[in-house]
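Each protein sequence line maps, in turn, to chains C and D.
Taking the numbering used here, I'd label the letters of the first sequence as residues 1348 to 1471.
Taking the numbering used here, I'd label the letters of the second sequence as residues 1348 to 1471.
2 protein chains.
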Amino acid sequence: MRPKHNTLTPQELEIMKLVWQRGAATVRDVYETLLERRKIAYTSVMTMMKILETKGYLKKRRQDRAFLYRPAHPQNQVIRGMIREFIDRVFNGSAEPLLVHLVKSRRLRERDLQKIVRMVEESE
Amino acid sequence: MRPKHNTLTPQELEIMKLVWQRGAATVRDVYETLLERRKIAYTSVMTMMKILETKGYLKKRRQDRAFLYRPAHPQNQVIRGMIREFIDRVFNGSAEPLLVHLVKSRRLRERDLQKIVRMVEESE
DNA sequence: TTATTAGTACTAATTAATTCGTATGTCAAG
DNA sequence: CTTGACATACGAATTAATTAGTACTAATAA
Chain C
1348 MRPKHNTLTP QELEIMKLVW QRGAATVRDV YETLLERRKI AYTSVMTMMK ILETKGYLKK
1408 RRQDRAFLYR PAHPQNQVIR GMIREFIDRV FNGSAEPLLV HLVKSRRLRE RDLQKIVRMV
1468 EESE
Chain D
1348 MRPKHNTLTP QELEIMKLVW QRGAATVRDV YETLLERRKI AYTSVMTMMK ILETKGYLKK
1408 RRQDRAFLYR PAHPQNQVIR GMIREFIDRV FNGSAEPLLV HLVKSRRLRE RDLQKIVRMV
1468 EESE
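As structure tokens, then:
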């Protein structure tokens, strides 16, 4: 029996990123891209995409002989869910400590922050 | 055989957080705290802490009859590693998109950002 | 002294995640 | 028509993560 909780595992995320990028993809599309990165069987990719469909991350429809898969939800939305889950797990739900880490570890500089804040505000 | 890559799994993180909090802990300490949250066997906790030791996250020494476990690395350092891994996996290594998400999803407000930036800068 | 308690060591069972093989069907080229 | 390419369905093997059982030992309470 397949598990019940619906978080994206690392391998699943890898595939989802490809499908988001293309808008839609067949098993073969994904397979060929993954194959450039590592050894993998065609049917493994098929299984993963089937699982992603049952988990509600992908929708499929027939196109010619093969299935064409599309994302069921926009990337932003899913990624935000992953961020929320990460913050819950690591920081008990509070986002500030994450930012503190980002700044302290020099992954973000002050001017990046300013820029981003301005950007977001302008887009509203 | 135990796996080779040394990232903290969710359950392992849960235990590490307890040990960091206390500075040091026996299996029993951790067991009793976890038991308040869910059903778990004493030996399960023991196994996990042993794994954490072999992975290099905990050090042990005998105290009376039992082992006393201590963190092998400071919490900040390990958490930063987890953040880095998350950013690599989800955003291909770039931190800005993460911040954009945090701000857009209202998990961080502008004044929080300012405050944190000031705080970090003053502490240097 | 004896029985109980509290600990570890070692092994194993279970659940989840990942990968793959085989059977089968359909289409198109020859 | 037959063969090869390519697709899915289904089942299963493998690897990783999590949980637990049993045997044994040392300390201690009765």
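We put the beta carbon where it would ideally sit given N, CA and C, even for glycine.
Fair warning: this is a prediction, and the values are worked out from it, not measured in the lab.
Per DSSP, the beta bridge partners of Y1416 (chain C) are C:A1372 and C:K1407.
The closest CA to that of E1359 (chain D), considering only D:G1403, D:R1456, D:D1435 and D:K1386, is found on D:G1403. Residues of the stretch 1396-1423 of chain C with a C-beta atom less than 9 Å from some C-beta of chain D are N1423, listed in chain order. No Cβ-Cβ contact shorter than 8 Å links L1399 (chain C) with A1371 (chain C). Between A1442 (chain C) and R1454 (chain D), the C-beta spacing is below 8 Å. One alpha carbon belongs to K1386 (chain C), the other to P1421 (chain C), and they sit about 29 Å apart.
Of the other Cβ atoms in all chains shown, fewer than 16 fall within 10 Å of the Cβ of L1382 (chain C); this residue is therefore exposed. Here the C-alpha atom of V1425 (chain D) lies approximately 28 Å from the C-alpha atom of Q1424 (chain C). Straight across, the Cα-Cα distance linking T1356 (chain D) with Q1368 (chain C) is about 28 Å.
With a cutoff of 8 Å on beta-carbon distance, V1447 (chain D) and V1366 (chain C) are scored as not near each other. Excluding sequence positions up to five before and after M1395 (chain D), its CB lies within less than 8 Å of the CB of Q1358, E1359 and I1362, all in the same chain and listed in chain order. The beta carbon of M1429 (chain D) sits closer than 8 Å to some beta carbon of chain C. The Cβ atoms of R1375 (chain C) and A1413 (chain C) sit closer than 8 Å to each other. For R1436 (chain D), the C-beta contacts it makes with chain C under 7 Å involve P1357 and L1360, in order along the chain.
Assigned with DSSP and collapsed to three states, S1391 (chain C) falls in helix. Within chain C, the residues placing a beta-carbon under 7 Å from that of K1451 (chain D) are V1467, ordered along the chain. Around the beta carbon of T1373 (chain D), 16 or more other beta carbons sit within 10 angstroms, so the residue counts as buried. Listed along chain D are V1450, E1457 and L1460, each with a C-beta nearer than 8 Å to that of V1464 (chain C). With respect to the C-alpha of E1469 (chain C), the residue from D:E1469, D:I1463, D:V1450 and D:K1364 having the closest C-alpha is D:V1450. The beta carbon of K1406 (chain D) is closer than 6 Å to those of R1417 and A1419 in its chain, skipping five residues each way along the sequence. Among the residues of the stretch 1365-1383 of chain C, none has a Cβ less than 8 Å away from any Cβ of chain D. Contact check for G1440 (chain D) against I1434 (chain D) passes: the beta carbons are separated by less than 8 Å. For P1444 (chain D), the enclosing alpha helix (DSSP H) starts and ends at E1443 to K1451.
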